[in-house]
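A.B. asks:
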Amino acid sequence: MAGPTLLKESGPREVFCGLTSIVWLHRRMPDAFFLVVGSRTCAHLIQSAAGVMIFAEPRFGTAILSERDLAGLADAHEELDRVARELLQRRPEIRTLFLVGSCPSEVIKLDLARAAERLNEELQGRVRVVNYSGSGIETTFTQGEDGALAALVPLLPASDERQLLLVGTLADAVEDRLIHLFGRLGINRVSSLPPSQSTALPAVGPGTTVLLTQPFLTETARLLRDRGATVLTAPFPLGAEGSRRWMEAGAQAFDVAPSQVATVLDPLMERARIALEPHRQVLAGKRIFLLPESQLELPLARFLQRECGMELVEVGTPYLNRDQMAEELALLPEGTPVMEGQHVELQLDRVRDSAPDLVVCGMGLANPLEAEGIATKWSIELVFSPIHGIDQAGDLAELFSRPLRRRELIHPALHPTQPDHPVHA
Amino acid sequence: MDLTLWTYEGPPHVGAIRIAASMDGVHYVLHAPQGDTYADLLFTMIERRGQRPPVTYTTFQARDLGGDTAELVKRHVREAVDRFQPDALLVGESCTAELIQDQPGALAQGMGLTMPVVSLELPAYSKKENWGAAETLYQLTRGLLKQDVPAAQPQHDPKRWQQQGRRPRVNLLGPSLLGFRCRDDVLEVQTLLTMHGIDVAVVAPLGAGVEDLKRIPDADLNICLYPEVAESTCIWLERNFGMPFTRTVPIGVGATHDFLVEVHTALGLEPPSPEEGYRRSRLPWYSESVDSTYLTGKRVFIFGDGSHAIAAARICSEELGFQVVGLGTYSREMARPVRAAAKALGLEALICDDYLKVEAAMAEAAPELVLGTQMERHSAKRLGLPCAVISTPMHVQDVPARRSPQMGWEGANVIFDDWVHPLMMGLEEHLIGMFRHDFEFVDGHQSHLGHAGGAGAASGVPDLSDGPEVDEDALVWTPDGEAELKKIPFFVRGKVRRNAEAYARQVGCKEISSETLYDAKAHYKA
Ligand code: SF4
Ligand code: SF4
Chain A
1 MAGPTLLKES
11 GPREVFCGLT
21 SIVWLHRRMP
31 DAFFLVVGSR
41 TCAHLIQSAA
51 GVMIFAEPRF
61 GTAILSERDL
71 AGLADAHEEL
81 DRVARELLQR
91 RPEIRTLFLV
101 GSCPSEVIKL
111 DLARAAERLN
121 EELQGRVRVV
131 NYSGSGIETT
141 FTQGEDGALA
151 ALVPLLPASD
161 ERQLLLVGTL
171 ADAVEDRLIH
181 LFGRLGINRV
191 SSLPPSQSTA
201 LPAVGPGTTV
211 LLTQPFLTET
221 ARLLRDRGAT
231 VLTAPFPLGA
241 EGSRRWMEAG
251 AQAFDVAPSQ
261 VATVLDPLME
271 RARIALEPHR
281 QVLAGKRIFL
291 LPESQLELPL
301 ARFLQRECGM
311 ELVEVGTPYL
321 NRDQMAEELA
331 LLPEGTPVME
341 GQHVELQLDR
351 VRDSAPDLVV
361 CGMGLANPLE
371 AEGIATKWSI
381 ELVFSPIHGI
391 DQAGDLAELF
401 SRPLRRRELI
411 HPALHPTQPD
421 HPVHA
Chain B
1 MDLTLWTYEG
11 PPHVGAIRIA
21 ASMDGVHYVL
31 HAPQGDTYAD
41 LLFTMIERRG
51 QRPPVTYTTF
61 QARDLGGDTA
71 ELVKRHVREA
81 VDRFQPDALL
91 VGESCTAELI
101 QDQPGALAQG
111 MGLTMPVVSL
121 ELPAYSKKEN
131 WGAAETLYQL
141 TRGLLKQDVP
151 AAQPQHDPKR
161 WQQQGRRPRV
171 NLLGPSLLGF
181 RCRDDVLEVQ
191 TLLTMHGIDV
201 AVVAPLGAGV
211 EDLKRIPDAD
221 LNICLYPEVA
231 ESTCIWLERN
241 FGMPFTRTVP
251 IGVGATHDFL
261 VEVHTALGLE
271 PPSPEEGYRR
281 SRLPWYSESV
291 DSTYLTGKRV
301 FIFGDGSHAI
311 AAARICSEEL
321 GFQVVGLGTY
331 SREMARPVRA
341 AAKALGLEAL
351 ICDDYLKVEA
361 AMAEAAPELV
371 LGTQMERHSA
381 KRLGLPCAVI
391 STPMHVQDVP
401 ARRSPQMGWE
411 GANVIFDDWV
421 HPLMMGLEEH
431 LIGMFRHDFE
441 FVDGHQSHLG
451 HAGGAGAASG
461 VPDLSDGPEV
471 DEDALVWTPD
481 GEAELKKIPF
491 FVRGKVRRNA
501 EAYARQVGCK
511 EISSETLYDA
521 KAHYKA
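Going line by line, the protein sequences match chains A and B. Here the first sequence is numbered in the numbering used here, starting from 1 and rising by one per residue. Here the second sequence is numbered in the numbering used here, starting from 1 and rising by one per residue.
#1: Interface residues of chain A around Ala-60(B) at Cβ under 7 Å?
#2: Among the residues of its own chain, which have a CB less than 6 Å from the CB of Asp-111(A), if the five just before and after it don't count?
#3: Starting from His-334(A) and walking both ways along the alpha helix (DSSP H), at which residues does that stretch end?
#4: When the Cα atoms are used, what is the spatial distance from Glu-71(B) to Leu-119(A)?
#5: Determine, for Thr-136(B), whether the minimum Cβ-Cβ distance to residues of chain A falls below 8 Å.
#6: How would you write the range of the beta strand (DSSP E) that Ala-32(A) sits in, first residue to last?
#7: Please compile the residues from chain A whose C-beta is within a distance smaller than 7 Å of the C-beta of Gln-85(B).
#8: Thinking just about the alpha-carbon of each residue, which of Pro-368(A), Pro-195(A), Pro-416(A) and Gly-250(A) is nearest to the one in Arg-28(A)?
#9: Which bits of chain B does Cys-103(A) rub up against, with CB to CB less than 8 Å?
#10: Any chance the CB of Asp-36(B) is under 7 Å from a heavy atom of ligand 1?
#11: What did DSSP end up calling Lys-343(B) once you bin it into helix, strand or coil?
#12: Mapping DSSP to helix, strand and coil, what is Phe-60(B)?
#13: When you measure from the CB of Pro-12(A) to every non-hydrogen atom of ligand 1, does any distance come out below 7 Å?
#14: Of the residues that make up the region 1-13 of chain B, which ones have a beta carbon closer than 9 Å to any beta carbon in chain A?
#15: Mind pulling the chain A residues with CB within less than 7 Å of Met-45(B)?
#16: With burial defined as no fewer than 16 other Cβ atoms inside 10 Å of the residue's Cβ, what is the status of His-378(B): buried or exposed?
#17: Hey, is Arg-18(B)'s beta-carbon within less than 8 Å of any beta-carbon in chain A?
#18: Cβ closer than 8 Å: which chain A residues qualify as neighbours of Leu-42(B)?
#19: Got a sec: is the Cβ-Cβ distance from Leu-65(A) to anything in chain B below 8 Å?
#20: Would you check whether ligand 3 has a heavy atom nearer than 7 Å to the C-beta of Thr-417(A)?
#21: Restricting to Cα atoms, I'd like to know which of Arg-18(B), Ser-94(B) and His-264(B) is closest to Ser-126(B).
#22: Looking at Ser-379(B) and ligand 1, is the gap between the Cβ and the nearest heavy atom below 7 Å?
#23: DSSP three-state call for Met-407(B): helix, strand or coil?
#24: What are the residues in the region 113-127 of chain B lying within 7 Å of chain A by C-beta distance?
#25: Looking at the strands, I want to know which residues DSSP matches up with His-388(A).
#26: Just checking Gly-242(B) against ligand 1 - is the residue's beta carbon closer than 7 Å to any of the ligand's heavy atoms?
#27: To be precise: take each residue of the region 167-182 of chain B, compare its Cβ to all Cβ atoms of chain A, and keep it if any distance is under 9 Å. Which residues remain?
#28: Using the rule of at least 16 other Cβ atoms within 10 Å of the residue's Cβ for burial, across every protein chain shown, is Pro-267(A) buried or exposed?
#29: Contact criterion: CB-CB distance below 8 Å. Does Leu-87(A) meet it with respect to chain B?
#30: With the cut-off set at 8 Å, would you say Glu-327(A) and Arg-350(A) are in Cβ contact?
#31: Looking at ligand 1, does it come within less than 7 Å of Pro-292(A), judged from the CB to the closest heavy atom?
#32: Residues of chain A with CB closer than 9 Å to the CB of Gln-51(B), please, in chain order.
#33: Any heavy atom of ligand 1 closer than 7 Å to the beta-carbon of Cys-17(A)?
#34: If you draw a straight line from the alpha carbon of Leu-188(B) to that of Leu-206(B), how long is it in whole angstroms?
#35: Going by DSSP, what residues sit across from Met-339(A) in a beta bridge?
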């Protein structure tokens, strides 16, 4: 069969767990609080992933299990209630409390669903308590967002109204822009999940057409389907081409005339082409290796290959949902190695052997690779940056061209080739 | 269950990784889920290191739990040994693995490996990072040296270098990665000792290999540079090999001198002159110079790890002429000496790992300078107070490209600059009287030092406690009192507010007007 070569491997991984998505979710919903029920490790993880102490008073925290909690689960439930109460008293502005499961709480089978139920009863609607798991034994990095959104789906009000629902956390400016563009296509009822106010939950029902903005929302999509919504499959809105096809899928579902789509999007595509050009000059012909982390790897690879002219050495992904990714896979060149799972040591061996020009990887691997002379790009940056949509295609490309341009700028001076031209005194 | 928003220390296995990553030829197989690999970024990003820490994570998943996770551990141990061929292997588990009780250490020990295998048991639900680092260094040293422990009473004599016709030599124990300025401190202490004709034999764990640890007993004396990491190892070496170790951490001019005296005395050398610090460091003269007069009695709040907090308290009170108004630590293991240091200053130590309580104590103490960790830096910013960072937890800012030691004579210089600069804008304090109506001093015109300013120390932390702390004798500031207070430069406003309130309470008045302010001023100047 034509298309990419799908491979699998397992072994030691170097991937964040699902708790990490709290770091962007808490910024998206400022009236929500994420309480991890876990260990000191979990607390240290989100602290470190959040850039070590950016805010004095974050909207996430950890209820750290102690020996006592492990000894008696009944007490652990009481303790959790106490901590939650204490927290809500301290932070009366909180409207939604997410209880986030971790590996330790999963292993000791602490029932967070029951805890949420209990707290909901006690709080009588003042604060809504939901739960999901971000544990590293079950989820990677971005799957935490899937868990959080999936936990909200049962709370969405029902509605038969015809509407478009964008699912996945986007930067505010990007979201506004996309909604505006759908409006110009004549789709005027557009809402999003997660909402920027945790209590302003969008409605869902048989009239709802869902466009996923992120590829990692499998469970959320499934639950939305169960609520009667139609979930479209399309390439994801990264790069001009992907974004256009993604918008077209939406337009088609709403019977927007192709001529109308062309009128609105053609000028955008032309502008994106101009914006992409300088980056394409840097990136074309360069070889890129994507290590698995964010699950954005496939759409990114597709964009980098088709729109920036890069050569794909290997495309890693922590998990591959073939249905959701069918359209992305179809756009990858024949024979592209797509590696699901990871054996980090073997994968790094392949990186070294293939000597790519750029590697997309997690934060722990970037500097060691740079020290080996390989330029890198953090995958976490791609989850945080406004990169969705046709208008952002240039910016997205810039994220990849910058490390290469930087090398060109400083490498000759820092690594002089003539021995009579020393750098360090 | 404890609610934590930010934490001062990571879990104990992160302490173990610090030891493994500090050394050459040591590999750590950690039974842990994939997310625990975040620990790597502490080294590669915060310390900006070009190597991954030498750790193999077993990355077990939920679906493995029903099956044979023990086999998974063995497979990873075998692969790690084949690939990295370490001189010593550490095997342990993180918090999640502790719950499933695979005992990876015992499994590895049963595999017939040729290198020393140290099984680490680091209770994740009761201990923390520094303890984990100390325990790992101790277990590793003990594992490598236990067959060399003399059967009879140890005959170690720290003065034997004299008979052996060589220079005395010492070991520096405790410096590690993710320790506050350790890299620079080692260089500084080495220079200091060399100047005094003392050689450094082994530095561990930072930069040491397995063979180096085995050489530890060949030295005459152990220097316990970071008690948080090295004390248990030093105690074991003293008990089993008879090697004495030093108690003074050479941070500050006085402590550096005491340290030299301690080292010289133990080695049977003539102690150096007390004048040395004055000649070698700029801190003493800078502190005596007329420009420093404004530092007199500045109220300082100190919080950090045990060693750095104790050192800071001494430097503040004895060498900079500050008044220490708060002293505390998050290191429970160091609670005793910190309590003693606080008591000597007439204070009660704050032993606590909840940064919000520390912030509350800080607000309550209304200091003019905060010496703390990155967390106190944030709290201080919220309170509009100047702050310098003196201790871990590490932040990328605490790993400067230039040398910036805390120990020894140069360390004292660095400390003078780092701690006094945030107070610099007070330099003109004596000019306040003259310039008090100058618009430069009015809110909104802040210094180039970038203070949050404006609010002043005693604006309090209204959002800190929702508990009704309604004080029966709550003081009220009249509008005219508030207005007068606003005219006072923001960097001394906290102190003035505090004095005025103290005065009002003392004289039993409930309202503070501009008159009260002047009364208080007269009272305190008198
Ligand atoms: S992998 Fe598990 S134990 Fe580790 S930080 Fe994530 S949830 Fe916590
Ligand atoms: S801004 Fe003015 S008052 Fe502040 S330090 Fe600079 S010169 Fe001094």
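In this text, a Cβ means the ideal position worked out from N, Cα and C, and glycines have one as well.
C.D. replies: Checking against the coordinates, here is how it stands:
#1: Inspection of the sequence shows that residue 60(B) is occupied by Phe rather than by Ala. By Cβ distance, chain A contributes Ile-137.
#2: none
#3: What sits at residue 334(A) in the sequence shown is Glu, not His. First-last for Glu-334(A): undefined, no H or E at that position.
#4: 41 Å
#5: no
#6: 32-38
#7: Result: empty, since nearest Cβ-Cβ is about 13 Å, beyond 7 Å.
#8: Pro-195(A)
#9: Pro-33, Gly-35, Cys-95 and Thr-96
#10: yes
#11: helix
#12: coil
#13: no
#14: Met-1, Asp-2, Leu-3, Thr-4, Leu-5, Trp-6, Thr-7, Glu-9, Gly-10, Pro-11, Pro-12 and His-13
#15: Met-363 and Asn-367
#16: buried
#17: no
#18: Ser-48
#19: yes
#20: Looking for ligand 3 in the displayed structure turns up nothing; the ligands present are ligand 1 and ligand 2.
#21: Ser-94(B)
#22: no
#23: strand
#24: Ala-124, Tyr-125 and Ser-126
#25: Leu-238(A)
#26: no
#27: none
#28: exposed
#29: yes
#30: no
#31: no
#32: Asn-367, Pro-368 and Ala-371
#33: yes
#34: Per the sequence presented here, residue 188(B) reads as Glu, with Leu not at that position. Glu-188(B) and Leu-206(B): Cα-Cα distance of roughly 14 Å.
#35: Leu-7(A) and Gly-316(A)
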